[in-house]
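Have a look at the structure below, then the notes.
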Amino acid sequence: MASGGIMSDDYNASSIKILLNEEAEDRWIWKKAEHLAIRYKKPAAWINDGLTACYYCNVDLDWFEQRYLAKTTTENKPEVLAAYLELRDDMG
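At position 62 of the sequence shown (counting the first as 1) the number is 42 in the working numbering, and the numbers step up by one without a gap.
In structure tokens form, the structure reads like this:
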């Protein structure tokens, strides 16, 4: 491609990386939501929205799993609930 184009001459087969499942889950919320939905038999869309709310509030995504899926923590984070409700409102 000509100089100044979108693609670089440095792009080749070595530029492509196949991720392990764990790497994909660390990189993309939707992938982590898919994994948790299978593990806990809960709706992936609900989990995705909860994880996204955590992300927007700078709350560790594992908190959502502990609080709402594994139910092993009682720590409340009202900012996550507010973000979740705002996400749902924006979609509906």
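Don't be surprised by glycine CBs; every beta carbon is placed ideally from N, CA and C.
Here residue 11 carries a helix assignment [DSSP, helix/strand/coil]. The Cβ atoms of residue 63 and residue 36 lie closer than 8 Å to each other. Residue 34 and residue -3 have their alpha carbons spaced roughly 27 Å apart. Taking residue 8 as reference, the option from 54, 70, 27 with the minimal CA-CA separation is 27. Around the beta carbon of residue 70, fewer than 16 other beta carbons sit within 10 angstroms, so the residue counts as exposed.
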